[in-house]
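Here's the structure, in structure tokens; my notes come after.
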Amino acid sequence: MQTLHKILQDNGRQAALQLDIDRQVVEAAAAYMADEQNGVGFLYSGWCQAALPHRRLADHKGWQLESDQVCLIIEPGMKRGAAGEPVPVGVPYGSRARLILIYLQSEAIRTNSRDIELGKSLRAWMGRMNIPIGGKNLQIVRDQMERISRSRLSFEVKRGGTEVVPIFRTGR
23 MQTLHKILQD NGRQAALQLD IDRQVVEAAA AYMADEQNGV GFLYSGWCQA ALPHRRLADH
83 KGWQLESDQV CLIIEPGMKR GAAGEPVPVG VPYGSRARLI LIYLQSEAIR TNSRDIELGK
143 SLRAWMGRMN IPIGGKNLQI VRDQMERISR SRLSFEVKRG GTEVVPIFRT GR
């Protein structure tokens with residue numbers, strides 16, 4: 023089976039199907055490997071001590087959550103309004119925003135790159151995240167992606183109880 027996994031990994035499912043191996047075995051191994059690749063998610067450890075808000079805040083309000091060791095600050099981003107004036111989009115919130123962040127972090131680690139390829143369409147990307155396409159999910163994911171991409175996130179870690187060390191910042 024290890025040889026089949028190597029063939030699947032190096033050459034893909036079609037190459038494995040052309041060999042003298044039972045088709046059901048190849049399909050089962052390919053399905054297992056596909057699930058194995060998508061089944062692992064990575065999350066920055068700071069998210070265990072600080073999190074996004076669970077509910078929507080007013081679009082102009084920021085979010086700050088502080089624990090004994092970590093401080094998370096999220097500033098809402100801005101976009102151009104209908105009359106050309108800056109309009110706040112609000113901070114990301116809820117389970118969809120958290121799922122998007124897990125996906126982005128996992129892909130960054132998996133590809134060892136800051137650039138994440140989302141795919142050809144929002145529907146395809148949602149499929150990779152196992153988010154159902156129906157209902158309001160398309161609108162919710164689009165809204166949360168805009169909030170994430172426009173917001174500024176800052177993590178700070180406290181060392182020795184007094185020293186504050188910025189871990190990372192996004193945005194501006």
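Per the working numbering, the sequence shown runs over residues 23 to 194. Glycine included, every Cβ here is placed at the ideal spot set by N, Cα and C.
- As a beta-bridge residue in DSSP terms, P108 pairs with R102.
- In the structure shown, E97 falls within a strand segment according to DSSP collapsed to helix, strand and coil.
- In the assembly as shown, A80 is an exposed residue. Its beta-carbon has fewer than 16 other beta-carbons within 10 Å.
- Judged by DSSP in its simplified three-state form, V113 adopts coil rather than helix or strand.
- The Cβ atoms of A119 and I170 lie closer than 8 Å to each other.
- In this structure, DSSP gives K158 a state outside helix and strand, which the three-state scheme calls coil.
- Scanning A72, G34 and Y115 for the CA closest to the CA of S89 turns up A72.
- In this structure, the CA atom of H76 is about 30 Å from the CA atom of K142.
- With respect to the 8 Å criterion, L26 and A51 are classified as neighbours on the basis of their beta carbons.
- In this chain, the beta strand (DSSP E) harbouring Q86 covers W85 to E88.
- In the three-state DSSP reduction, R169 falls in the helix class (H, G or I).
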